[in-house]
Structures are given as structure tokens and as C-alpha cells.
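Chains as they are written, first to last, in my numbering: chain A, 810 to 1167; chain B, 2 to 374. Built from N, CA and C at the ideal position, the CB exists for glycine as well. In what follows, a single structure is set out as C-alpha cells and then discussed.
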Amino acid sequence: MKLGFFVPNLLSWSGDELVIGGLERYAWALIDLINDLGWEVEVHQNGNSNWEREVNGVKVIGHGVAQFSPEAVVEEANSCCDKILYGSILQSPMYYKQNSIVISHGVWWDSNNFKQQRKEKMIKLCGNVLNEVDLVISCDYNFLNVMRSIWPGTTDKIRVIPNFVDLEEFKPSKNPTTDSKIRILYPRRLDNCRGTDIFIELANQLISTVDNIEILMAIDRNNPDKNKEIKSFLAQDQVKNFNLQFSEMPAIYQQADIVIIPSKYSEGTSFSCLEAMASGKAIIATDVGGLTNLIIDGYNGILVPPRLKTINKAVNLLINNQEMRQVLGQRARETAKAFTIDRWRQYWAEYLKAIYLK
Amino acid sequence: MKDKVGILTSNFYDPSGERLIYGGAERYGYQLTKLLLDLDYEVEWWQVGSGWEQELMDGVMVKSIPVTKSPYETMPDLNYAFLERAADIDYAIYFITFLAYPQVKEKSISLSHGIYWDYPTFDNLINGQQGREEWLRRLKIALTGPEKIVSVDTAFIQWVKATWTGLDHKFNYIPNFVDLEKFNPQNRREVLKEKPIRIIYPRRLTTVRGINETIRVAEVMTSENKDLEFHIVGRGHKDGTEKELMKWASKHERIYYYWQSPERMAQLYKQMDIALIPTKAAEGTSLSCLEAMASGCVVISSHVGGLSDLIFNEYNGLLVKPTAKNLIEAISSLLADPKQARLLSQRGIEVAKTFSMKQWRKNWEAILKEVFN
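In C-alpha cells form, the structure reads like this:
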């Protein structure tokens, strides 16, 4: 059987580079699973021209029409594929085929940057998706809760499969550092929704008030302007700057004492949070989106509203309490065991077969 | 002189003033009152009624205001009368979010017990899609007034953020509490060790709590498995419902129906193996869920509202879509793997400790300080 898979940006628009991000990692994990089911996958995505590539044995087709209309890419994909899986909900109205699955990566419009009318538009759009497709797989319970409170009759179609983490790859260090430094890690993209601004202000405050502090920045280089903006921040002695290379992340997590996930909006069951958990770290996360499905305040981390004041209070509490860091970290590792990739694959396989083999 | 806090609710007692309603919200109200007294505030409750006054506890009066109308699921007349009549209060707590419509006392906090409109027939209460707009307009005004809004779960906060712009800064998530002195695993039976295996549904007999799914599950499973007992433990809103259920239970072997005071529930949980919380709608961080978990029952809960703040699937319980089929599957999976069930129970006990009354009081104290001082 052949399954079309719409992923907006699995490769760059030229088709020459792999895109590194949470959505793309999700897509690759799913491609592996679909292959293991013995099905053929054909990825359709945005392109700056029409092209075709083969990556890791998978056919990827770029649609040049993306330059003019993101919906048209899906329309073209719809017409090439008898059966199709939609890798995300598009932010404009479009036609989804029946007998298909759409993936929701969480509510993305829960921000003050979205004006009232746009919020209403996004909600309507999700309502349409629920009417058209057979199944929506959501990575968190937040999307489900929001949809149920708006369209209570249609949420039977939503199933939740939280994201996953590899417990072998991400694990606590066998030889924890023993110096007196406290290392605080920000393992996210430089993006407003990820709370970069909150973190940088927090880090500056900590640098000026706490001795022996070290700030670890594992950030992306996708946006040179953003990197430039914080150049003087990154240049400080107390700040260590890492390239967000996936292969290096396990070792970076191991160095940290505290990991901060200060997302402000548009958050699902964050891979970064799950990886920090698997690494056994003391985590401060915000009560935004799917993070509440990973962290229970005071049990396996600290959960606070996305404000500088609340995060600051939490981080100071942890800096001064080594025992608490240890307990929260151990429980975070324990909790991560409920989010293995095997479990994720098992649920996904069941739904893929139920929808596409009928 | 002490500062005085006025708390506005709809029904602490039923409107006749004769019967104390003792549900989750009322237990919450009771504990909140105790905390305020401990913090040296004077407390006064206001609610719907013919004008009667009752003493709730030492020195704490509940006063009533005759109001009959609740257009668009709000109570503007009650809200207005409270503001006028409770003129001597220094601070106000709106015990239900919509009671803060249309106007609030300057220094005030409101409270959300969770999303309560997430079922299809709610539309009938607000005059359908047309009325929905007006209901939402009123609800937004109710959220705009108070300085802070305490939410018992994260689902409500997330819904507001997804629906409106500009209210984010008001929210504080304070999950519900469990009294660990009472609800704990001391002297409990070991999970899934002795027969009969006991399954409890510790909820009200209402459709949104999943009573009908539970009835189906109990019938199917007790007829197939002679080692299973089902205990349906909770009151109905009407005497008729309770009678009907009693009749039904008496016709089935190993299915029991009764109810217990919250005090005696603690002992009961210790005799149970599995607790079902199959809520379909209108759920916050359920006290029943927390209590069952703290007592060491393996919890099978639905994925609705605040329950996903308490249970992580396959970590400290099972989180399922509440259909009879899914509940049967979930129970069967526990019966097939008692070792895993015991692990879930153990972790549930640990997790429940973070929802202690002590922590809850600490969280509330911080908000009260911020707004009332």
C-alpha cells in the first residue's frame, strides 16, 4: 500500500537540506513506522519549484506552487495520493480527504499576538478539520480539551498520543560534575513562543545576582538576525553557547543542573521537555499547552505561569536546594518511562491500520 | 478590626436553606473558609435564597438573596445585590467564575472549578448558537473584572487563552487538594491480591460523570468474571435515580450501590483495588480522583478537563476516552498484569502527595496576599 504524507517542510524549500525541528523529527519517526508496517510512503511538501528527491530511501516531492498558496500544495498532494496522512493542520481553510488522519501538534493560537478575529478563524478551521477527516491525532490533551469545550459533539474523532523520548539516548550522567557551579540550560529555538525573551532577562538577572552560575544556550542558527540581537548576551563569560545539533544534545543535557522550558504559547508535549526529563534534570516548565501533560508541579518538576517573576522564584528555589533538584530529576526520569517511542509506535500503528486498511 | 472577605456563590445550601449541599465545590468552600479564618480574616458567604441566614461554622454566616433568574448561565441580579448589600466587606471572592458578571468589588479574586460547558446539550441552556455569543460576552466580562483568577486545572486557563486575547496575566493554577491524613494507603489491601477484586465508581450518578458507561461495564464484567465486584458509591441529584440504581444493583450479583460520607470514603478506598473516574464532561482536578489515588487505588480515568493534570497514562494510572469498551479494556489490562497495576498504584500514592492540603493552603495564601494587601 502507498500512503501519501503531507509534511510542509521535511526538507528545505529547495529540497537540498534536512530541516531540523520537532515537527520534522516527529515526521521521520512516523515514516520509520509506516515503512515497518510494510507500506510505501511518499512525502509531499512545500517547494520553490517542482522537484523530486530521495532521502533515506523515501521519495519526497516538492510542490513549487507553495510560493503562491500553501493550500494548493495540499490540493496537489490530494490529487496524487489515493490515501493521505496530513502532518499538520494548515492555518488556512482547505479540503481534507475523508478516511484520513490529521496530526495536531497542539493549540498554536493561544497567544496575545493573535488578534481576536484570527483566534476565531483558527477555531473554525479546526472545527472544519473535525468535520472532514476520520481521526485527529493530537500530541497533547490540551488541544482535545479546547476542542471539546467549543465543539463538544465532534471531539470523538480526537485521540491523544503524547510525544516520545529515547531513554537510551537521553539518560542521567554516570559522572555528574562536582564543581560548585550551577548550570542552567535553555534548550530551545530562539523564538518568541518559546519564551526566549523571558529566559534572557532571567539569565541576566541571575548572572548579576548569583555566584558560580553558568548559562548554557543550546539554540538554533535558523535565524541570523535573532542571533545577532543577543550577541552581547551570548558574549558574556558566564554564558556558554552551543549549536543546537541533535546528536550533541544528550551530552549538553547531562551538563545541566536545571533546565528551563519557558514557552509562552503554541506548545505541545515538547521534545525538549521530554529529553530533559529522560536526562533526569530538575525542570522548570510553564503551564502552557502539553507541558502540563508532562510535568506535575512539585512532583517531577516545577510548573509555573509563563512570567519572569514566577520563573525567577522557581529557579532561585532550585539553585538553593540541591536535594530538591535531585528528587525532581529522579522523578522526571521515572516519568519519562511512560513516554517511550515503543509505546508511541504501538498506538500509532493501531490507528494507521484502523483508518487506512479499511 | 479584622478585614472582611465576602464570598459569593450560587448554592452552598440548597435555595431553601435547609440542606447543606456537600459536593466537591462545597468541600472546597469549607476549606477556603477555614484558611481565611486562620489568616485572621472575617468571612461571610452570600448565595441564592429567600433571605434566610445560616451559620456555616463558628462566626461564619451564609446570607441569602432572593434571585430567580439566570439568563445565559449568569446571575447578574445576584451579582448586583451582593455588591450593594455586602457593602461592609473589604475583599470579595467570586466562588464561581460567571458570578463576577457584570461587576466586581475592587479587590477581588474569582475561582474556576473547571470547564463546565463541554457537553453537547449545554447549548440548550443558553438558547443555542445564537445565545452562545451573548453567553461568551458575559463570561469574558466576568473574567475581566477580578484581579486574579484561580483555576483548579490548566484546561480552563488554556481554553481562555485559545479563546480571547489579553487575559493571560490573571491566571493562577492551584490544583485541588487531598487530605493525606485521611486518604492514605495505610492498612489498605494489596492491589489485586485478594479475591474478590473490587472496583469502585466514587462519583455522582450523573450522565456527565459516566454513570451509564459504568453500568454497562459492571454488567458485562461481573457476568464474565466471578471474581469481580463493582461498588457504585455516590448520590444522585434526585431520589428517583438512587432508587432506580438500587433496584438495578439488587438484580445483579456482585454489584452494589450505596453512598458514604466523605469521612467514611477514606476507609472504603482502602478496601478497593481499582477506581473508575469515567467523566465525560465538566471536570476539574477531581477530588475523587485525588482521593482514590492517595489511597492507593489504581485509577482509570477519562482524558477530560483537569484529569490529565493528575493522571499520566500508564504512569500513575490509565487515561482513556470514556467508552464502555475502553473501560473494559483498561480494567482487563490491569487484571492481566497485577505487577504493572501495583506500580501504577505506588506512583499514584507518590504523585498524590504533591496535592496535599498544606501545599494548597500555601498556594492560596500567596494569592490572597498579592490581591488583598
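- Under DSSP, A:Asp1106 forms a beta bridge with A:Gly1110.
- Rounded to the nearest whole angstrom, the CA to CA distance from B:Met294 to B:Glu191 is 14 Å.
- Taking 8 Å as the CB threshold, B:Asp338 stays off the interface with chain A.
- A:Phe814 is positioned such that its CB atom lies no closer than 8 Å to that of A:Leu944.
- Counting along the chain, the unbroken alpha helix (DSSP H) around A:Gln1155 starts and ends at Ile1150 to Tyr1165.
- Contact of A:Ser913 with chain B is not assigned, every C-beta pair being separated by 8 Å or more.
- In the structure shown, the three-state DSSP call for A:Gly813 is strand.
- The alpha-carbon of B:Ala276 is positioned some 12 Å away from that of B:Glu230.
- Here A:Tyr904 is exposed: its Cβ has fewer than 16 other Cβ atoms, across all protein chains shown, within 10 Å.
- The shortest C-alpha to C-alpha distance from B:Arg28 to any of B:Met2, B:Leu246, B:Val221 and B:Glu264 is the one to B:Glu264.
- For B:Val352, the neighbours in chain A by C-beta distance under 7 Å run, in chain order, Ile1105 and Tyr1108.
- In the DSSP secondary-structure assignment, A:Phe1051 is bridged to A:Ala1027.
- Residue contact check for A:Trp918 against chain B: a CB pair falls below 8 Å.
- The C-alpha of B:Glu366 is placed about 28 Å away from the C-alpha of B:Thr75.
- Around the beta carbon of B:Thr208, fewer than 16 other beta carbons sit within 10 angstroms, so the residue counts as exposed.
- Nearest to A:Arg1003 by C-alpha distance, out of A:Phe952, A:Glu1076 and A:Asp1020, is A:Glu1076.
- Within the same chain, Cβ atoms closer than 7 Å to the Cβ of A:Asn1021 are found at Ser989, Lys990 and Ile991, the five residues on either side in sequence being excluded.
- Here DSSP, grouped into helix, strand and coil, assigns A:Asn844 to helix.
- Interface criterion not met: the Cβ of B:Glu134 is under 8 Å from no Cβ in chain A.
- Taking a C-beta cut-off of 8 Å against chain A, the contacting residues of the segment 146–171 of chain B are Thr155, Ala156, Ile158, Gln159, Trp160, Lys162, Ala163, Thr164, Trp165, Thr166, Gly167, Asp169 and His170, listed in chain order.
- Positions of the alpha helix (DSSP H) runs, each at least 4 residues long and wholly inside the segment 247–307 of chain B, are given as 263–271 and 288–295 in order along the chain.
- Per the coordinates, the alpha-carbon of B:Asn226 lies some 40 Å from the alpha-carbon of A:Trp848.
- Between B:Ile368 and B:Lys149, the C-beta gap is smaller than 8 Å, which places the two residues in contact.
- Measuring C-alpha to C-alpha distances from A:Met1133 to each of A:Asn1109, A:Gln926 and A:Leu820 identifies A:Asn1109 as the nearest.
- Secondary structure of B:Trp365 (DSSP, three-state): helix.
- Among the residues facing chain A, B:Asp39 is not included, as its CB has no counterpart in that chain under 8 Å away.
- Counted as a single uninterrupted DSSP element, the alpha helix (DSSP H) harbouring B:Ala156 occupies residues Thr155 to Thr164.
- Under a 10 Å Cβ-count criterion, B:Ile22 is classified as exposed, with fewer than 16 other Cβ atoms of the shown protein chains found around its own Cβ.
- Taking 8 Å as the cut-off, the beta carbon of B:Ser287 is found no closer than this to the beta carbon of B:Ala267.
- Per DSSP, the beta-bridge partners of B:Phe231 are B:Ile200 and B:Ile256.
- With a minimum length of 3 residues, the unbroken runs of beta strand (DSSP E) contained wholly in the segment 932–989 of chain A fall at 944–947 and 967–969.
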